[in-house]
Amino acid sequence: MKDLKFENPILVTRPLLPPIEEYEKKLKEIWNNNWLTNNGPLEREFQGKLKEFLDVENIELFVNGHSSLEMAIKALNLTGEVITTPFTFASTTQAIINNNLTPVFADIDPYYYNLNPDNIEELITDKTSAIIPVHVFGNPCEVEKIDKIAKEYDLKVIYDAAHAFGVKIDDKALVSYGDISMLSFHATKVFNTIEGGSLIFKDKDLTYKFKALKNFGITPDKEEVQYLGVNAKMNEFEAAMGLVNLTHVEDAINRRKLLYETYLKNLSGLENEGRVKVLRPKENVKYNYAYFTIKVNTFEEKNHLFEKLPEYNVHAKRYFYPPCNEFPAYDFEKNTPIAKDVSDTILSLPIYLDLTVEDVEQICKIIEIELK
Ligand code: T4K
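Counting with the numbering used here, you get residues 125 to 496 for the letters of the sequence shown.
Put into structure tokens, the structure is as follows:
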């Protein structure tokens with residue numbers, strides 16, 4: 125064990141940070157502009173560049189992913205119940221509840237851990253107004269099936285695409301599916317603006333509403349308070365980080381791919397023995413390698429690894445444990461057995477730009493020893 129212990133902590137992720145000189149150059153622009161927030165020039169520049177990069181029609185920027193998800197729900201005037209997944213970060217469920225809506229949890233599929241479209245229809249009632257699925261770990265939901273159900277029952281679809289920056293299906297941006305998709309640009313994401321988020325949406329008219337909602341409900345032209353809004357504007361420091369990081373994110377994704385493949389190769393023995401399960405991207409998908417997860421066979425094995433890894437200075441995270449319908453803060457039905465099983469047995473392992481191939485090989489050796 126001594127030989128395999130890392131000298132410095134290996135965390136589950138580290139932010140994508142550009143060369144400091146590049147960010148400093150942008151900071152000088154902020155000083156020259158004397159403009160820090162409220163629809164500043166860098167925010168506008170970033171919005172244009174991002175739109176091009178993602179190849180989408182309509183996009184608005186926000187201070188963080190969670191606020192943008194709340195604004196997406198608010199803008200569509202949803203009522204009653206929303207069908208969603210329990211296997212996600214607390215944000216998804218809380219965005220629904222904070223909009224005075226009731227989340228109704230549909231169980232997930234056991235392969236990609238996304239909301240299973242086959243479980244949606246039985247949960248639709250006359251109170252249902254929307255479906256809010258999550259592209260968990262950046263793997264696309266079954267968007268065509270979800271779209272079909274939504275059309276048939278006249279429901280809105282908002283994708284929590286917090287993990288899905290740059291992901292494409294058959295060369296089409298994943299975030300262009302649904303009525304609205306939310307991307308998070310938090311420090312821990314594949315692409316970050318320190319904190320930050322955005323909404324990508326089909327109906328161009330929503331632009332006006334989003335601009336108002338993120339600025340206390342004040343409309344951008346008449347300066348009247350027409351909506352109940354919040355303060356969720358992206359500031360110039362975030363936009364500056366976005367502009368610089370956009371020029372590095374492709375390289376960062378390629379690096380993640382290399383690390384992912386190293387994990388895959390070095391865990392193949394355990395995989396063949398049925399001791400761990402590793403997610404593989406779907407064939408028609410350009411993936412972003414946002415997370416590297418392993419699913420083990422039992423809760424005890426997961427806990428053993430989670431507790432033992434820090435002894436080697438490796439810090440995994442339990443994304444996502446427990447499922448959101450088991451949070452002590454709420455009293456929801458706990459009738460999603462697949463989500464419970466996945467949540468009990470999955471761990472996110474370190475994957476980030478500065479991790480070396482040798483580091484990953486070492487982590488895999490540790491896992492092999494600890495699972496024997
Ligand atoms: N929907 C979904 C499905 C999401 O996963 C999230 C966020 C959202 C919505 C909401 O989006 P945002 O409003 O956040 O934009 C982290 C992130 O804070 C959160 O953004 C993310 N999902 C979630 C999955 O992970 P924690 O509590 O695990 O973060 P923390 O502080 O433990 O950081 C993770 C690791 O990264 C640690 O080992 C430390 C390291 N780290 C972290 C930061 C912030 C660094 O090395 N440097 C850093 O600057 O939630």
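Ideal Cβ positions, reconstructed from N, Cα and C, are used throughout, including at glycine.
Original post:
Does the separation of the CB atoms of E362 and I318 fall below 7 angstroms?
Top reply: yes
**OP:** Determine, using beta carbons only, whether A274 and V206 come nearer to each other than 7 angstroms.
**Re:** no
**OP:** Starting from F416, follow the beta strand (DSSP E) in both directions and report where the run begins and ends.
**Re:** 416-419
**OP:** Examine the ligand T4K and report whether any of its heavy atoms sits within less than 6 angstroms of the Cβ of R380.
**Re:** No, Cβ of R380 sits at least 6 angstroms from all heavy atoms of the ligand T4K.
Subject >> A297 - DSSP class collapsed to helix/strand/coil >> reply: strand
Original post:
Which parts of the region 416-448 are runs of the alpha helix (DSSP H), unbroken and 4 residues or longer, counting only runs that do not cross its ends?
Top reply: 423-432
Original post:
So what's Y371 in DSSP terms, helix, strand or just coil?
Top reply: Checking the displayed sequence, the identity of residue 371 turns out to be Thr instead of Tyr. Coil.
Subject >> Residue interval of the beta strand (DSSP E) (run including A254) >> reply: Where A254 is concerned, the enclosing beta strand (DSSP E) stretches over 252-256.
**OP:** Thinking A297 and L178 are a contact (beta carbons under 8 angstroms), I'd like their distance in whole angstroms, please.
**Re:** 5 angstroms
Original post:
By a C-beta neighbour count over all protein chains shown, 10 Å radius and 16 as the cutoff for buried, is K333 buried or exposed?
Top reply: buried
Original post:
Cβ of V466 within 6 angstroms of any heavy atom in the ligand T4K?
Top reply: no
Original post:
At a cut of 8 angstroms, does the region 228-236 reach the region 206-219 through at least three beta carbon pairs?
Top reply: Segments in contact, yes.
Original post:
Comparing the CB of D483 with every heavy atom of the ligand T4K, is any distance shorter than 6 angstroms?
Top reply: no
**OP:** Excluding the 5 residues preceding and the 5 following V258 in the sequence, name in chain order all residues of the same chain whose CB lies nearer than 6 angstroms to its CB.
**Re:** Correct list, in chain order: T209, T212, T216, D284.
Subject >> As assigned by DSSP and simplified to three states, the class of P227 >> reply: strand
Original post:
Given 8 angstroms as the limit, is there contact between the region 366-386 and the region 134-145, that is, 3 or more CB pairs closer than that?
Top reply: yes
Original post:
Can you pull the DSSP bridge partners for V402?
Top reply: I418
Original post:
Comparing the CB of D284 with every heavy atom of the ligand T4K, is any distance shorter than 6 angstroms?
Top reply: yes
Original post:
Does at least one heavy atom of the ligand T4K sit under 6 angstroms from the Cβ of H372?
Top reply: no
Subject >> Heavy atom of the ligand HEM within 6 angstroms of S305 beta-carbon >> reply: Ligands in the displayed structure: the ligand T4K; the ligand HEM is not one of them.
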